[in-house]
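2 protein chains.
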Amino acid sequence: MSAEMQKELQEYLAELKHRVKKRGLKHSQQREQILRVLYHANKHLTPEEIYHEVKKSSSTIGLATVYRTLAFLEEEQMVTSISFGSEGKKYELNTGEHHDHMICLECGKIMEFFDERIEKLQEEIAQKSGFKLLAHEMNLYGLCSECQQKA
Amino acid sequence: MSAEMQKELQEYLAELKHRVKKRGLKHSQQREQILRVLYHANKHLTPEEIYHEVKKSSSTIGLATVYRTLAFLEEEQMVTSISFGSEGKKYELNTGEHHDHMICLECGKIMEFFDERIEKLQEEIAQKSGFKLLAHEMNLYGLCSECQQKA
DNA sequence: TTATGTGCAAACTCTTTGCATTACC
DNA sequence: GGTAATGCAAAGAGTTTGCACATAA
Numbered sequence: 006m007s008a009e010m011q012k013e014l015q016e017y018l019a020e021l022k023h024r025v026k027k028r029g030l031k032h033s034q035q036r037e038q039i040l041r042v043l044y045h046a047n048k049h050l051t052p053e054e055i056y057h058e059v060k061k062s063s064s065t066i067g068l069a070t071v072y073r074t075l076a077f078l079e080e081e082q083m084v085t086s087i088s089f090g091s092e093g094k095k096y097e098l099n100t101g102e103h104h105d106h107m108i109c110l111e112c113g114k115i116m117e118f119f120d121e122r123i124e125k126l127q128e129e130i131a132q133k134s135g136f137k138l139l140a141h142e143m144n145l146y147g148l149c150s151e152c153q154q155k156a
Numbered sequence: 006m007s008a009e010m011q012k013e014l015q016e017y018l019a020e021l022k023h024r025v026k027k028r029g030l031k032h033s034q035q036r037e038q039i040l041r042v043l044y045h046a047n048k049h050l051t052p053e054e055i056y057h058e059v060k061k062s063s064s065t066i067g068l069a070t071v072y073r074t075l076a077f078l079e080e081e082q083m084v085t086s087i088s089f090g091s092e093g094k095k096y097e098l099n100t101g102e103h104h105d106h107m108i109c110l111e112c113g114k115i116m117e118f119f120d121e122r123i124e125k126l127q128e129e130i131a132q133k134s135g136f137k138l139l140a141h142e143m144n145l146y147g148l149c150s151e152c153q154q155k156a
């Protein structure tokens with residue numbers, strides 16, 4: 006792990022401790038391990054996947070703890086979730102940069118993108134209907150370039 | 006029900022029979038009832054809600070049949086589904102007009118909209134990444150005008 | 001010390017499947 | 001008459017909860 010990443014990870018961990026303390030809770034190894042896994046994954050993970058990853062790093066953990074921690078992290082907006090099709094929810098670390106998703110229906114790969122123009126249009130549409138926009142999600146479904154070639 | 010609606014509903018039912026036949030299957034009262042309920046609801050319904058609606062109209066039906074029928078109708082693209090938050094999937098009749106959704110986080114109301122400019126931008130973004138766009142969904146979350154006043 | 005966090009197992013919810021029976025063609 | 005569709009009940013998958021024990025402050 007580069008020094009840069011090392012530092013970044015420490016910042017996330019510090020943020021976690023801060024938020025835990027702010028809510029009068031206690032720090033725990035499990036919450037920290039889950040955050041580490043999400044940081045290193047750098048992609049969307051299911052609760053089950055997170056559970057196995059944490060176990061690999063020789064830490065003891067239960068699935069219930071993963072669910073509880075993800076609920077906490079999502080409330081604190083430190084992670085975001087996405088769900089599509091019949092697959093369950095998947096989680097990723099909230100890096101603070103909003104983005105949308107392109108999802109390959111063949112291999113399940115999730116790519117991220119951001120387009121300022123669309124964001125503006127969404128605001129405009131909401132405003133027209135007197136709707137107070139708090140969040141949004143946009144998912145594009147199709148075939149990634151690799152899967153198109155295979156087909 | 007107006008003559009106009011009567012006619013429209015008949016068209017959907019004819020389409021259903023056509024698609025059932027095309028797949029070498031048999032027509033059934035239950036599939037027809039489910040389509041009727043979706044037509045009259047004119048909004049998103051959960052499988053459970055559809056089940057209860059059909060029962061009201063003095064038809065006998067099981068939840069399993071609702072799930073099986075919805076799967077069939079979705080494959081045939083006669084209905085579309087949407088899922089958000091922890092709530093399960095909701096279904097609506099596919100009227101052939103693509104649209105996106107604004108979802109009120111307070112009362113759960115779902116409003117539909119369509120914006121040609123956003124559609125174009127989505128195409129453009131996909132193209133840039135060599136992604137073959139097959140479908141998309143865009144959900145705006147927030148507070149509808151009524152719920153803003155209440156708060 | 002004492003309240004919170006955890007792991008485990010049981011409970012729950014939503015959805016799917018197996019099977020005997022019914023309905024369609 | 002033969003095949004597909006249905007209802008019911010049981011099975012699955014994913015998630016949540018209760019509880020005794022472990023752990024952080």
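Chains as they are written, first to last, in the numbering used here: chain A, 6 to 156; chain B, 6 to 156.
Where a beta carbon is used, it is the ideal one built from N, C-alpha and C, also for glycine.
Since this is a predicted model, take the numbers as computed values, not measurements.
Which chain B residues are close to residue i, counting only those with a beta carbon under 7 Å from its beta carbon?
i: Gly135 (chain A); result: Ser150
i: Gln153 (chain A); result: Lys137
Within 8 Å of any Cβ in chain B, is that where the Cβ of residue i sits?
i: Gln82 (chain A); result: no
i: His57 (chain A); result: no
i: Asn47 (chain A); result: no
i: Met143 (chain A); result: yes
Which chain B residues are close to residue i, counting only those with a beta carbon under 8 Å from its beta carbon?
i: Arg41 (chain A); result: Those within 8 Å of Arg41 (chain A) in chain B number zero; the least Cβ separation is about 26 Å.
Name the chain A residues that come within less than 8 Å of residue i, Cβ to Cβ?
i: Gln132 (chain B); result: Those within 8 Å of Gln132 (chain B) in chain A number zero; the least Cβ separation is about 11 Å.
i: Gly147 (chain B); result: Ala131, Phe136, Lys137, Leu138, Leu139, Ala140
Check the Cβ-Cβ distances between residue i and every residue of chain A, and say whether any is below 8 Å.
i: Ala69 (chain B); result: no
i: Leu126 (chain B); result: yes
i: Asn99 (chain B); result: no
i: Met6 (chain B); result: no
I believe residue i touches residue j by the beta-carbon criterion, under 8 Å. Please report the beta-carbon distance rounded to the nearest angstrom.
i: Leu145 (chain B); j: Ile115 (chain B); result: That belief does not hold up - the Cβ atoms of Leu145 (chain B) and Ile115 (chain B) are roughly 10 Å apart, past 8 Å.
i: Leu147 (chain A); j: Leu138 (chain B); result: The residue asked about is misnamed: residue 147 (chain A) is Gly in this sequence, not Leu. Sure, about 4 Å apart at Cβ, within 8 Å.
i: Lys35 (chain A); j: Ser62 (chain A); result: What sits at residue 35 (chain A) in the sequence shown is Gln, not Lys. With 8 Å as the limit, Gln35 (chain A) and Ser62 (chain A) do not qualify as a contact, their Cβ atoms being about 11 Å apart.
i: Arg41 (chain B); j: Leu14 (chain B); result: 7 Å
i: Glu129 (chain B); j: Asp105 (chain B); result: Actually they do not touch by this definition, with Cβ atoms about 17 Å apart.
i: Tyr96 (chain A); j: Ser86 (chain A); result: 5 Å
i: Leu98 (chain A); j: Leu43 (chain A); result: 4 Å
Please list, in chain order, the chain A residues whose beta carbon lies closer than 7 Å to that of residue i.
i: Ser88 (chain B); result: Ser88
i: Arg122 (chain B); result: Leu126
Exercise for review: Could you list the residues in the stretch 109-120 of chain B with a C-beta less than 9 Å from some C-beta on chain A, going in chain order?
Suggested key: Cys109, Leu110, Met116, Phe118, Asp120
Review point. Should the stretch 52-59 of chain B be called in touch with the stretch 67-76 of chain B, which here means at least 3 C-beta pairs below 8 Å?
Key: yes
**Study point:** Cβ contact (3+ pairs, closer than 8 Å) linking the stretch 118-137 of chain B and the stretch 80-98 of chain B
**Key:** no
Review point. Taking any Cβ of chain A, which residues in the stretch 7-25 of chain B have a Cβ under 7 Å from it, in chain order?
Key: none
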